[in-house]
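Visitor: Quick one: the structure is below, questions incoming.
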C-alpha cells in the first residue's frame, strides 16, 4: 500500500501511521476495522518481502 510506505518514509511511527489511516477512513486489507500498529507492521513486512532483490 503506497500510502503506508509514504507515511513510513516520512519517519512516522507505526502507531501514528495507524492513527492517520483510521482518521482518513482507509480500510485495512481485509476490510476489518480499525488499523493498529500490528496491521501496519505486517503490511510493511509483507511488502518488503515481495519486492524483488536489486541486481547489480
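Numbering (the UniProt record's numbering), first residue to last: 1 to 56.
Here a beta-carbon is modelled for each residue, glycine too, at the ideal position from N, C-alpha and C.
(1) Once the 5 residues before and after residue 15 are set aside, which same chain residues still bring their CB inside 7 Å of it?
(2) Just how far apart, CA to CA, sit residue 1 and residue 42?
(3) What would DSSP say about residue 20, mapped onto helix, strand or coil?
(4) How is residue 13 classed by DSSP in three states: helix, strand or coil?
(5) Taking the alpha carbon of residue 30 as the point to measure from, which residue in 4, 23, 39 has its own alpha carbon closest?
Guide: Once the coordinates are examined:
(1) 37
(2) 12 Å
(3) Of the three classes helix, strand and coil, the one that applies to residue 20 here is helix, per DSSP.
(4) coil
(5) 39
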